[in-house]
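Take a look at the structure set out below.
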Amino acid sequence: MKKKKYDIDCLGMGIIPFDLLFTVDNFPTSGKKIDAQSFIMQGGGPVPNVCIGLTRLGYKSALIATVGNDPFGKLMLDELKNENVVTDYMIVKKDPTALASGFIEQGSGDRTLVLSRKIFVKPNDINLSKLPIPKIIHLDGRDMPASLKLAKWAKKNSVIVSFDIGSMRNDVSEVFPYVDHLVVADQYAFGFTKTTRAKQAITKLRDYCSGTIVVTEGIKGSTGLEAGKSEYVYQDAFKVENIDTTGAGDAYHTGYLYGLLKGFDLQTRMHYGAAAAAFKCTKPGARTGIPTLNQLKRFINSNPERY
């Protein structure tokens, strides 16, 4: 049988806000003025971060997202190009670029973010005939009509669909039947399924998605169930000094998809995901800490302590 030819490793579509992040000693209370210890501004968004992460790990990725015709949009396009992400399918609109502003608590590395977004990817923004055929399509479900269009197109072209959602917001379950790898944070998994344990959540998510399902729980680790299998897989989280947890989930997806592209089993994919997430938490900003392949392998080979 002739092996299928792909044009690219990963094609992502998702929100791309410009991040404005302040590091503070403690989160401010209502009405209080405080000084920031440091300030970071850079592009963000779960899917763009994964696309950048995969290029750092040696794979070729492209992104579909909308930015405004403004300085923030230009900065993010330049940043993507500098990271070798293909930007041929980016969409520039008259609407303002999405912005995310937030605080990072210095001691814990926890963060609080506020998103301002009035720019979207619509189905008619995407010309399917001009898209490259990827091995994986990675989605966040923010723009559901466009996400559904891409997911259905992927199924027709034997393309793997990966899906990321971190919290309860718009209903994204309509896309689940088309998803091959559903990797979700506990906040979403427990909220959507009305459960409190990862295995319970996976059991209920299986009613919507027949693919591989993974639930991440921060320092509690991650639990997964491979498509067509009945044995759950557990992966510890690695213990590091948390500087900033922003983008930890994106880094997990990066490591997981790296393992998927390499043909690794579920346990190893989750291991790489956990390692990438832990490494990211040692650096400020969502993108600063996304590891290169050498950094990721060195971290794994250092036999880091586990929770």
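Residue numbers (this note's numbering): 30 to 336. For every residue, glycine included, the Cβ atom is placed at its ideal position computed from N, Cα and C.
Go ahead and label residue i buried or exposed: buried means 16 or more other beta carbons lie within 10 angstroms of its beta carbon, across all protein chains shown.
i	result
Glu112	buried
Leu295	buried
Met119	buried
Ser187	exposed
Lys33	exposed
Gly72	buried
Gly60	exposed
Asp64	exposed
How long is the line joining the alpha carbons of residue i and residue j, rounded to whole angstroms?
i	j	result
Met173	Ser331	41 Å
Val76	Leu168	7 Å
Pro100	Tyr281	30 Å
Gly74	Gly292	26 Å
Asp124	Leu104	16 Å
Leu234	Ser137	31 Å
Leu289	Arg298	6 Å
Gly102	Ala127	9 Å
Pro152	Lys62	43 Å
Thr116	Ser67	30 Å
Lys312	Ala277	10 Å
Ser259	Ile81	33 Å
Ala175	Asp215	25 Å
Ala227	Met197	16 Å
Pro333	Ser158	46 Å
Leu83	Thr58	38 Å
Ile45	Tyr287	21 Å
Lys309	Tyr217	21 Å
Asp193	Thr283	11 Å
Ile166	Gly250	25 Å
Leu254	Val213	12 Å
Thr232	Tyr261	10 Å
Tell me which residues share the same chain as residue i and place their Cβ nearer than 8 Å to its Cβ, disregarding the 5 neighbours each side in the sequence.
i	result
Gln229	Thr222
Lys122	Thr95, Val96, Gly97, Asn98 and Ile148
Asp209	Ile189, Val190, Ser191, Gly240, Thr241 and Ala256
Tyr237	Ser202, Phe205 and Pro206
Ala91	Ile37, Cys39, Leu40, Gly41, Cys80, Val114, Val115, Thr116, Asp117, Tyr118, Pro161 and Pro163
Arg140	Leu50, Gly131, Phe132, Ile133, Glu134, Asp273, Thr274 and Thr275
Determine the closest residue to residue i out of the options, with distance taken between C-alpha atoms.
i	options	result
Arg70	Gly250, Leu49 and Arg316	Checking the displayed sequence, the identity of residue 70 turns out to be Met instead of Arg. Considering only alpha carbons, the answer is Leu49.
Gly170	Gly195, Asn156 and Leu322	Gly195
Tyr263	Ile189, Tyr301, Pro100 and Tyr287	Tyr301
Val243	Asp273, Asn271 and Tyr285	Tyr285
Leu142	Asp279, Lys309 and Thr275	Thr275
Leu177	Gly43, Ala227, Asp139 and Tyr35	Gly43
Gly155	Gly41, Pro333 and Asn271	In the sequence on display, residue 155 carries Ile and not Gly. Residue Gly41 is the option with its Cα nearest to Ile155.
Phe47	Ile93, Thr58 and Glu108	Glu108
Thr252	Leu211, Cys310, Val150 and Ile166	Leu211
With a CB to CB cut of under 7 Å and the five nearest residues on each side skipped, what residues in its chain are close to residue i?
i	result
Phe219	Thr225 and Ala230
Leu106	Val96, Thr116 and Met119
Arg327	none
Gln135	Thr52, Val53, Asp54 and Gln66
Asn340	There is no way to answer for residue 340, as the model of the chain reaches only from 30 to 336.
Lys110	Thr116
Glu246	Asp215 and Ala227
Asn271	Ser137, Gly138 and Cys310
Please list, in chain order, all residues of the same chain as residue i whose beta carbon is under 6 Å from its beta carbon, the five residues on each side excluded.
i	result
Ile248	Ala266 and Tyr336
Ile329	Ala304
Ala307	Phe267 and Val269
Asp200	none
Arg146	Ala127
Lys164	Tyr35 and Asp38
Ser130	Leu49 and Val143
Ile93	Met42 and Tyr118
Using a Cβ-based criterion (distance less than 8 Å to any ligand heavy atom), does residue i qualify as near the ligand MG?
i	result
Lys185	Ligands displayed in this structure: none; no statement on the ligand MG is therefore possible.
I want to see whether chain B comes within less than 9 Å of residue i, judged by CB atoms only; does it?
i	result
Tyr336	Annotation note: the requested chain B is absent from the structure, which comprises a single protein chain.
Do the stretch 175-188 and the stretch 52-72 touch if we need at least three Cβ pairs shorter than 8 Å?
Not touching, per the Cβ criterion.
Under 8 Å: do the stretch 315-330 and the stretch 78-91 share three or more Cβ pairs, one atom per stretch?
Because the criterion of three Cβ pairs below 8 Å is met, the stretch 315-330 and the stretch 78-91 touch.
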